[in-house]
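Residue numbers (the working numbering): 84 to 754.
All residues carry an ideal CB built from backbone N, CA and C; glycine is no exception.
None of the values given here were measured: they were computed from a predicted structure.
First the structure, in the form of structure tokens, and then the observations on it.
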């Protein structure tokens, strides 16, 4: 009989994280059951081994464990998948280390220092603790709800994981240490090596970016000088060397009074109120501009020779700073730990590394645009433009000119000099075509030619312009149905759907609702303690046909209308507030996999389970009725992955094979 252990944690988030870790490393050899004190723990547990996530949980949950069951309290370490986020914080930054108790907060700090995260100053924080100094940033291992509301930035570095010493002790308990100790150690070490590679890649990218930026700064036809928050010079390009008569070797690292003796010049350089002023330095008539970065204390000074067109250059520079053609979201901004969203993120991360077009399909409000941003942010084009256009938001005539641009005089109202289109502006980067299902057939034909030829022709123009753009499109419509109605071109569909991503609706990832609610409460500066648990349960039960957008709007409504100290179910709006399900067609997310395939494969899995036969892909293939459904083993694998993401089956290695879940049985009964 297979060895079995029970894991007991405090919160559901900790349970999910630690269970996944144990499953990844030990699941092949040990069966694992997990409970969270905040959810439910059986009154009398009796198992081969019981693991408590901390001494605090041991004190709380030990009465529920049979005296005859061996117990162990896990040693914990930082989450190696998220720890690199701390490098985003500048060296010497003071941060709160937030946890639920003083002991856990201090233990977290101790662990961070032991693994070499010594570039920050940590201050423990826990419920009831006063903030002794003005600190704007907090880090926490999954306990974001305990962060004080006054903190501007809260960085969740993920639930602390179980240490290798505890994993070895588990093997020792089951007398597997000699047989498997090396294997488990290698798996654990492999995760650490993955982190090391990730950090090394980050360092290489930073070095390449710094080298690239230095080349750009040196190539600018103006003097460029920058200072950090300590007032020390960090950038001193060749033109400023010429204007000042100082070498960059002498200037870098020094403060401004050590370099410039002119009192009026020094006053300007250190006065944030003035943007630009004329000076004569070493015979050069210069216009000096002072640019303060909004998100840091760094300052850039531009020394422009007045023989050039000063005003035009100033306007162009300001416009450049205002241009926001960047991807604002990464995969870290896509919240949730449910199998459905984790599977979507996993697939998206794989798609991000290619140059091929991607079609994102999902209901309205599921976060398709966030995935588009993240795909660009994690691609090789990350330092190139990211532009988005929503086809449902603009009329067709305006869309055509926005996408492809126009020449001067091509139509009434055309701007002098013409205009660049979004495709031309996105050259080298990514263009996101949102709500592609709303595009007209006329525009579809032109868009198809652009994608095929990778060149555009402006409205009223006579020459073609080559472009290098990656296409990401998104829709909440069933494009195959539109093709059957002759409302969407089949050839365009296949050009867009080279790669494919489905974003699951919120009703298929309800486990993520508490995390999303906490995020929306934090955005509204409301503590989670002011949110009635009964209301949270009510939100989890609802199906959210408007998805995350509807949930966010609901939280905003609750925060606005509630007049009590605690937001309760009595603050919920009436039924007319909520979006109703569409009766005429199934959810968009189901369009990828025909339900007949799901039912047929799931039925075969149940039959094999009932007969105690290993439900491998080969066995499923052999038992499937190919007279009505002809599927290859590869296609069966895709169906099984879809069933797994919906929680209908579990897929394990070895003799267990694929097992139908209670949710899967319910799905068959209701089909």
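When the Cα atoms are used, residue 352 and residue 373 turn out to be separated by approximately 7 Å. The C-alpha of residue 365 lies about 37 Å from the C-alpha of residue 174. Of the candidates 465, 255, 473, 141, 473 places its Cα closest to the Cα of residue 447. Taking the Cα of residue 649 as reference, the smallest distance to any Cα among 541, 341, 317, 616 is reached at 616. Around the beta carbon of residue 464, 16 or more other beta carbons sit within 10 angstroms, so the residue counts as buried. Within the same chain, and ignoring the five residues on either side of residue 475 in sequence, the residues whose Cβ sits closer than 6 Å to its Cβ are 518, 521. Unbroken alpha helix (DSSP H) stretches of 4 residues or longer found wholly inside the segment 339-391: 346-352, given in chain order. Within the DSSP bridge table, the entry for residue 177 names 204 as partners. In the displayed model, residue 619 falls within a helix according to three-state DSSP. Per DSSP, the beta-bridge partners of residue 469 are 513.
Residue pairing for residue 87: DSSP places it in a beta bridge opposite 114. Residue burial is scored here from C-beta neighbours: residue 104 has at least 16 other C-beta atoms within 10 angstroms and is therefore classed as buried.
Assignment of beta-bridge partners to residue 133 by DSSP yields 89, 154. Inclusion of residue 550 and residue 515 in the CB contact set at 8 Å is not warranted, their separation being larger than that value. According to the DSSP assignment, residue 508 belongs to the alpha helix (DSSP H) that extends over 505-508.
If you draw a 10 Å sphere on the C-beta of residue 123, you find fewer than 16 other C-beta atoms in it, and that means exposed. If you draw a straight line from the Cα of residue 491 to the Cα of residue 538, it comes to about 20 Å.
As computed with DSSP, residue 239 is found in a beta bridge with 223. Annotation: residue 94 to residue 698 spans about 34 Å, alpha carbon to alpha carbon.
A check of alpha carbon separations from residue 98 across 718, 117, 350 identifies 117 as the nearest. Contact check between the segment 147-162 and the segment 177-184: fewer than three CB pairs, one atom from each, fall below 8 Å, which does not count as touching.
For the set 547, 240, 371, the Cα lying nearest the Cα of residue 168 is the one of 240. Counted as a single uninterrupted DSSP element, the stretch harbouring residue 572 is not any beta strand (DSSP E), since DSSP gives it neither H nor E. Counted as a single uninterrupted DSSP element, the alpha helix (DSSP H) harbouring residue 103 occupies residues 95-109. Inter-segment contact for the segment 631-646 and the segment 582-601 is present: three or more beta-carbon pairs are separated by less than 8 Å. The segment 155-164 makes no contact with the segment 230-237; the number of CB pairs closer than 8 Å stays below 3.
For residue 307 and residue 461, the gap between their C-alpha atoms comes out near 30 Å. According to the DSSP secondary-structure assignment, residue 542 is paired through a beta bridge with 489. Distance from the Cα of residue 548 is smallest, within the candidate group 513, 555, 504, for 504.
Our two residues, residue 482 and residue 435, have alpha carbons roughly 27 Å apart in a direct line. In the three-state DSSP reduction, residue 211 falls in the coil class, being neither helix nor strand.
Per DSSP, the unbroken beta strand (DSSP E) holding residue 306 starts and ends at 306-310. Per DSSP, the continuous alpha helix (DSSP H) segment holding residue 431 begins and ends at 422-435. The C-alpha of residue 369 lies about 26 Å from the C-alpha of residue 313. Rounded to the nearest whole angstrom, the CA to CA distance from residue 191 to residue 226 is 12 Å. In this structure the segment 309-323 touches the segment 337-347; the number of beta carbon pairs closer than 8 Å is three or more.
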